[in-house]
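If you read the sequence shown in the working numbering, its first letter stands for residue 604, the second for the next number, and so on. Data first, discussion second: the structure below is written as structure tokens.
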Amino acid sequence: MYAVKVVLLPSASVAMPSDQRLDAVAETTRAAPQPGIAHVSLARWGRRLVGMTFVEAGSLDEALDRARDGWTGWLSVPGLLPDWELGDCRPDRYLYGEPRGGRVA
């Protein structure tokens with residue numbers, strides 16, 4: 604499991620989404636899951652939104668690809684987050700270690 608920090612950027616004239624709109628985005632991520640994405644947490648961060656995206660994948664590159672693809676799909680849902688786009692997509696933390704010497708790291 605990987606945690607991928609996805610930053611969503613607004614166009615210059617777009618207001619920050621209301622709590623109700625963020626709830627709708629969260630509901631969409633649950634109702635229309637994307638391959639490999641287990642959970643998403645959304646937060647405001649200045650003039651941006653951050654989607655902490657928890658991804659099941661075999662490698663970091665695969666996790667980043669799945670997070671990008673998932674958010675690209677959700678951002679294409681009409682009316683969900685109009686005039687917002689995918690900005691940065693970075694690994695935040697590797698959440699599960701491989702066993703080392705019989706113990707999980």
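Note that the Cβ used here is the ideal one computed from N, Cα and C, for glycine as well. Keep in mind it's a predicted model, so treat the numbers as computed, not measured.
Of the residues the options, which one's Cα is nearest the Cα of residue i?
| i | options | result |
| --- | --- | --- |
| arginine 647 | Gly676, Trp677 and Asp622 | Asp622 |
| glycine 661 | Thr632, Gly673, Lys608 and Gly639 | Gly639 |
| leucine 683 | Pro636, Ala606, Glu630 and Ala641 | Glu630 |
| proline 685 | Tyr605, Met655 and Arg624 | Arg624 |
| valine 680 | Gln637, Asp695 and Met604 | Gln637 |
| aspartate 672 | Thr632, Ser644, Asp695 and Leu645 | Thr632 |
Give me the DSSP bridge partner(s) of residue i.
| i | result |
| --- | --- |
| serine 644 | Met655 |
| glycine 693 | Here residue 693 turns out to be arginine, not glycine, going by the sequence shown. Arginine 693 is bridged to Lys608. |
| glutamate 688 | Leu612 |
If you follow the beta strand (DSSP E) that residue i is in, where does it begin and where does it stop?
| i | result |
| --- | --- |
| alanine 606 | 605–613 |
Residue range of the alpha helix (DSSP H) that residue i falls in?
| i | result |
| --- | --- |
| glycine 676 | 663–678 |
| leucine 625 | 622–634 |
Can you determine whether any heavy atom of the ligand SAH sits closer than 8 Å to the C-beta of residue i, and answer yes or no?
| i | result |
| --- | --- |
| lysine 608 | This structure lacks the ligand SAH, and indeed carries no ligand of any kind. |
Looking at residue j and residue i, is the spacing between their C-beta atoms short of 9 Å?
| i | j | result |
| --- | --- | --- |
| glutamate 628 | alanine 641 | A small correction: the amino acid at residue 628 is valine; glutamate does not occupy that position in the sequence shown. No. Outside cutoff. |
| tryptophan 598 | alanine 635 | A question about residue 598 goes unanswered here, because the residues of the chain that appear run from 604 up to 708. |
| valine 610 | alanine 670 | no |
Q. Taking three-plus beta-carbon pairs below 8 Å as touching, is the segment 683–694 in contact with the segment 651–666?
A. yes
Q. Within the chosen definition, does the segment 612–619 reach the segment 661–676 through at least 3 CB pairs nearer than 8 Å?
A. no
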